[in-house]
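Undergrad: Counting from 0, one number per residue, gives the positions in the sequence shown under numbering that gives the first Met the number 0.
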Amino acid sequence: MIRIAAAACLVSLATSASHSMQQERTLPQDTLARFGAVIVTARDLRERIELMPWPEKGFSSDQDSSKMKALSSLIAEKLLSLEASVMNVGESEETALMLQGLERVLARDELYRREVRAKINVSEKEIREGLKRYAAELRVLMVGARSQSDAGKLYDRLSLSSDIESEIRRIDRSMFVEQDTITVNFGGLDVPFEDEVYGLVRFKPGPPLQSQFYGWVVPVLLDAKANPVYLKQTITERRKRVEEEIRRRNEDVRAGTYSGSVLKSKHAASDSVMFERFAGTLLATIEKDSASHRNGGAFMILPEDLDKTSRLLHTHLGEFFVHMESGGMTLGEVIEAFRYERFAFSSLDPRRFRFALNNCIRVVVQGELLGREALKQNLHFARNVRHDLEMWRSHRVARQLLWRIVDTVGVNDEELMAYLARQGEAFTARFEVDIQEVLSEKPDLAAALYDSLQKGSSFFEIARRYSTRKEWAANGGRSGFFPISQYPRLGFTAMVTDTGKIVGPIVLEDGLSILRVLGKRSKQGEAATDFDSLMSRTRANLLIKKRAEVVNGYLSDLASKYSLEVRKNSLRSLRLNPVTMFTNRYMGFGGVMNAVPMLMPQWEWLRDWEKRFKITP
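(1) Rounded to a whole number of angstroms, what is the C-alpha to C-alpha distance between Ser451 and Phe480?
(2) Helix or strand or just coil, what does DSSP make of Ser325?
(3) Report the three-state DSSP secondary structure of Ser161 (helix, strand or coil).
(4) So, under 8 Å CB-CB, Glu125 and Asn184 are touching, yes? Tell me the CB distance rounded to an integer number of Å.
(5) Measure the CB-CB distance between Met622 and Val241 and report whether it falls below 8 Å.
(6) Assuming Gln453 contacts Ile501 under a Cβ cut-off of 8 Å, what Cβ separation, rounded to an integer in Å, is found between them?
(7) Assuming Phe298 is part of the beta strand (DSSP E), what are its boundary residues?
(8) Counting only runs that start and end within the segment 239 to 321, where is the alpha helix (DSSP H) found for 4 or more residues in a row?
(9) Is it buried or exposed for His292, if we count other Cβ within 10 angstroms and need 16 for buried?
(10) Among residues of its own chain, excluding the 5 on either side of Asn593, which ones have a beta-carbon nearer than 6 Å to its beta-carbon?
(11) Which residues in the same chain have their Cβ closer than 6 Å to the Cβ of Gln21, if we skip the five residues on either side of it in sequence?
(12) Below 8 Å between beta carbons: does that hold for Ser71 and Trp602?
(13) Check whether the segment 92 to 108 touches the segment 578 to 590, taking contact to mean three or more Cβ pairs, one atom from each stretch, closer than 8 Å.
(14) Rounded to a whole number of angstroms, what is the C-alpha to C-alpha distance between Leu444 and Asn540?
(15) When you compare the CB positions of Gly186 and Glu236, do they come within less than 8 Å of one another, or not?
(16) Rounded to whole angstroms, what's the CA-CA distance from Leu50 to Leu301? Just pull it up for me.
(17) Would the segment 307 to 316 and the segment 246 to 256 be scored as touching if the rule is three or more Cβ pairs under 8 Å?
(18) Within 8 Å, do at least three Cβ pairs link the segment 258 to 278 to the segment 323 to 330?
(19) Helix, strand or coil for Asp222? Go by DSSP, reduced to three states.
(20) Suppose only complete runs of 3+ residues qualify. What are the beta strand (DSSP E) ranges in the segment 546 to 611, listed by chain order?
(21) Answer with buried or exposed for Pro54, where buried requires no fewer than 16 other C-beta atoms within 10 angstroms of its C-beta.
(22) Rounded to the nearest angstrom, what separates Thr94 and Ile334 at their Cα positions?
(23) If you drop the 5 nearest sequence neighbours on each side, which residues of the same chain put their C-beta closer than 6 Å to that of Leu282?
(24) Here's the rule I'm using: 16 or more other beta-carbon atoms within 10 Å means buried, otherwise exposed. How should Glu23 be labelled?
(25) Determine the extent of the beta strand (DSSP E) in which Lys519 is found, giving its start and end residues.
(26) From which residue to which residue does the beta strand (DSSP E) around Glu440 run?
(27) Give the secondary structure of Gln178 by DSSP, where H, G and I count as helix, E and B as strand, and everything else as coil.
(28) Between the segment 382 to 402 and the segment 82 to 102, do at least 3 Cβ pairs fall closer than 8 Å?
(29) Taking 7 Å as the limit between beta carbons, can you name the residues of its chain near Glu177, skipping five residues before and five after?
(30) With DSSP as the reference, label Gly100 as helix, strand or coil.
(31) Have a look at Phe319 and Gly455 and give me their C-alpha separation to the nearest angstrom.
(32) Measuring CB to CB, does Pro218 end up less than 8 Å from Leu188?
(33) Tell me the DSSP secondary structure of Lys433 in three-state form.
(34) At a cut-off of 7 Å, would you count Asn87 as near the ligand ATP, judging by its Cβ distance to the nearest heavy atom?
(35) Can you check whether the CB of Leu507 is closer than 8 Å to the CB of Arg477?
(36) Going by beta carbon distance, what residues of the same chain come within less than 6 Å of Arg606, once the five residues before and after it are set aside?
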């Protein structure tokens with residue numbers, strides 16, 4: 000905290016102290032930093048670096064330093080976000096669409112928590128039955144049939160046989176589709192099918208079943224043994240596993256019932272023209288690099304596909320795609336909703352792709368209707384929803400302001416030459432350049448000669464006639480290879496200029512120079528292409544360094560502007576999970592997203608700021 004000099008009267012000091020104490024009481028106990036009206040808590044820091052990858056994970060050698068880097072990066076994001084709000088950065092149509100879509104997804108998830116998860120109770124009877132099933136691993140013969148009628152005939156015939164396997168070999172192949180032996184564990188099948196399988200008697204066929212995985216089958220229990228996973232677990236672990244599975248199943252049932260009650264009276268229809276426009280653009284985007292979209296036997300929609308589709312269909316984003324009684328969904332809203340799903344397509348055949356895409360849109364519309372129900376119940380005002388929405392908004396606008404800042408930073412030739420010159424004699428003597436030059440003492444003449452050369456006039460003839468550097472003019476202005484250190488200004492200019500390009504006029508002590516680069520080489524034998532690559536890398540590295548300096552200075556100014564206070568003592572006592580992980584968040588009623596935004600490493604600015612103020616813990 001920055002100390003205040005004692006220069007006020009006693010009344011003022013007492014009032015200030017009283018106000019400060021009042022502020023301290025209202026701050027969360029886990030406050031790590033504050034500035035303006037922003038408070039950064041231990042919860043904020045923990046969720047950002049424990050749920051997603053962070054380059055400083057591990058905290059092995061210096062935990063305090065690593066945690067300080069993480070906190071500095073989070074403060075940097077929030078400083079940028081605060082300033083972005085002041086500057087109205089992030090007020091674009093794209094950001095508005097993103098936040099609107101995210102708000103509905105988060106509100107829908109809150110609806111799931113309240114209407115589904117909070118109302119699920121797992122009874123002791125369910126747990127006991129689940130533990131009994133979890134302890135056993137079954138080997139089941141599945142005899143498939145084409146229809147319910149064929150499955151009934153199979154069951155009748157197998158029930159009369161004392162040797163199932165022999166009887167199957169005698170049955171006409173037309174009576175069944177195929178047979179397969181599967182291993183069944185608790186939680187691995189749909190519930191009705193599992194209920195029947197765990198009730199089978201060994202070597203006795205069970206009644207015909209229709210499974211979502213296998214169709215119509217007649218199951219036969221071949222063997223039952225102890226589940227090896229069950230045997231390795233403690234009683235507490237077994238109970239937890241069973242309770243979680245039963246809770247998941249019960250949630251699925253209740254979620255289906257609840258969503259059905261919300262959706263049963265709702266109707267929606269997509270615009271056929273807009274559907275074709277969206278489908279054609281998305282398919283073409285995926286087809287351009289189908290290999291990168293393949294995951295197993297399916298083709299995934301990647302975030303960049305949606306970005307590109309939005310750009311290509313930008314003029315149509317505000318047009319209605321899906322029509323509903325409660326108000327339609329625009330193309331932009333549909334595309335945003337796709338970001339929270341993991342849709343995959345078995346084929347890129349246009350007809351099959353469009354059929355599958357239509358089903359995807361149906362899922363999106365169902366999610367939208369449930370989201371609207373959540374808004375109707377004002378769940379978008381819930382504390383969890385506002386917290387998560389603000390976290391994502393802050394991250395997005397902070398990045399947008401950061402991009403705006405770095406986009407203004409560049410490296411010109413003068414800066415590159417100055418940087419190279421600072422590398423010293425060892426560097427400048429290492430490289431040689433060959434140029435063709437016209438040197439003139441008159442600015443007007445130099446400008447006219449440059450224009451003439453750009454229009455295609457002979458460099459050789461102009462240099463021989465007009466150049467005042469006589470030793471080169473006689474040879475049409477050609478210098479021959481010389482070390483950069485001999486003519487630093489000319490040498491450095493040639494270094495940073497593409498071979499064959501004409502540049503100038505350049506101000507030298509003896510006049511104005513127009514030059515064309517003929518060649519570059521190293522005394523170590525490096526090729527010109529290597530030399531140009533070196534210059535490109537040097538420019539790129541200098542740009543990174545310059546951008547970092549600008550951003551660090553900008554953040555330091557913001558920290559001062561908003562009176563940043565950092566509580567290092569509170570940070571030292573914070574314990575963080577050092578395990579690196581990438582966490583997905585599965586949303587209620589369907590959908591998935593990153594658990595939290597990935598934190599941008601941005602900590603070097605703190606040193607600059609601390610030089611301006613002495614911070615006391």
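Idealized CB from N, CA, C, for every residue including glycine.
TA: Reading it off the structure:
(1) The residue you call residue 451 lines up with position 452 of the sequence shown. The residue you call residue 480 lines up with position 481 of the sequence shown. Roughly 26 Å between the two C-alpha positions.
(2) The residue given as residue 325 occupies position 326 in the sequence shown. Correct three-state label for Ser325: coil.
(3) On the sequence shown, position 162 is the one that residue 161 refers to. Here Ser161 sits in coil by DSSP.
(4) Here the question's residue 125 lines up with position 126 in the sequence shown. Here the question's residue 184 lines up with position 185 in the sequence shown. So it is not a contact: roughly 17 Å between Cβ atoms.
(5) In this structure the chain extends from 0 to 616, so residue 622 is not present and cannot be described.
(6) If you number the sequence shown from 1, residue 453 lands on position 454. If you number the sequence shown from 1, residue 501 lands on position 502. Sure, about 6 Å apart at Cβ, within 8 Å.
(7) If you number the sequence shown from 1, residue 298 lands on position 299. Run containing Phe298: 297 to 299, per the beta strand (DSSP E) assignment.
(8) 271 to 286, 289 to 292, 302 to 311
(9) Within the sequence shown, the letter at position 293 stands for residue 292. His292 should be labelled buried.
(10) Residue mapping note: residue 593 aligns to position 594 of the sequence shown, counting from 1. Once the five neighbours on either side are set aside, Asn593 has no close Cβ partner at all.
(11) Position 22 of the sequence shown holds residue 21. Only weak support is given to the placement of Gln21: the predicted model assigns it a pLDDT of 42, under 50, and the value that follows is read from those uncertain coordinates. Cβ neighbours of Gln21 beyond the five flanking positions: none.
(12) Numbered from its first residue, the sequence shown carries residue 71 at position 72. Numbered from its first residue, the sequence shown carries residue 602 at position 603. Cβ atoms of Ser71 and Trp602: closer than 8 Å.
(13) yes
(14) Position 445 of the sequence shown, counting from 1, holds the residue named residue 444. Position 541 of the sequence shown, counting from 1, holds the residue named residue 540. Approximately 38 Å between the Cα atoms of the pair.
(15) By 1-based counting over the sequence shown, the position of residue 186 is 187. By 1-based counting over the sequence shown, the position of residue 236 is 237. In this structure, Glu236 does not lie closer than 8 Å to Gly186 by Cβ.
(16) Translated into the one-based positions of the sequence shown, residue 50 becomes position 51. Translated into the one-based positions of the sequence shown, residue 301 becomes position 302. Going by the C-alpha atoms only, they are around 22 Å apart.
(17) no
(18) yes
(19) What you label residue 222 is simply residue 223 of the sequence shown in a count that begins at 1. DSSP places Asp222 in strand when its eight states are reduced to three.
(20) 583 to 585, 591 to 593
(21) If you number the sequence shown from 1, residue 54 lands on position 55. Classification for Pro54: exposed.
(22) Numbered from its first residue, the sequence shown carries residue 94 at position 95. Numbered from its first residue, the sequence shown carries residue 334 at position 335. Distance between the alpha carbons of Thr94 and Ile334: 13 Å.
(23) In the sequence shown, the residue the question calls residue 282 occupies position 283. Excluding positions up to five away in sequence, the list reads Phe352.
(24) Along the sequence shown, read from residue 1 onward, the residue named residue 23 stands at position 24. Annotation note: pLDDT 49 at Glu23 (below 50); position unreliable, no value reported.
(25) One-based indexing of the sequence shown puts residue 519 at position 520. Where Lys519 is concerned, the enclosing beta strand (DSSP E) stretches over 510 to 521.
(26) Residue 440 sits at position 441 when you count from the first residue of the sequence shown. Per DSSP, Glu440 belongs to no beta strand (DSSP E) and is neither H nor E.
(27) Numbered from its first residue, the sequence shown carries residue 178 at position 179. Gln178: strand per DSSP, three-state reduction.
(28) yes
(29) As a working mapping, residue 177 is identified with position 178 in the sequence shown. Excluding positions up to five away in sequence, the list reads Gly143.
(30) Stepping through the sequence shown from its first residue, residue 100 is reached at position 101. In the structure shown, Gly100 sits in a helix (DSSP, three-state: H, G or I).
(31) For this step, residue 319 is matched to residue 320 along the sequence shown. For this step, residue 455 is matched to residue 456 along the sequence shown. Those two C-alpha atoms are separated by around 56 Å.
(32) Counting from one through the sequence shown, the residue named residue 218 turns up at place 219. Counting from one through the sequence shown, the residue named residue 188 turns up at place 189. Cβ atoms of Pro218 and Leu188: not closer than 8 Å.
(33) For the purposes of this step, residue 433 is taken as residue 434 along the sequence shown, with counting starting at 1. In the sequence under discussion, the amino acid at residue 433 is Asp, which differs from the Lys named in the question. Note: Asp433 maps to strand in three-state DSSP.
(34) Ligands are entirely absent from the displayed structure, and the ligand ATP is therefore not among its contents.
(35) Residue 477 sits at position 478 when you count from the first residue of the sequence shown. Residue 507 sits at position 508 when you count from the first residue of the sequence shown. In this structure, Leu507 does not lie closer than 8 Å to Arg477 by Cβ.
(36) Taking the first residue of the sequence shown as position 1, residue 606 is located at position 607. The answer is none, since no qualifying residue turns up.
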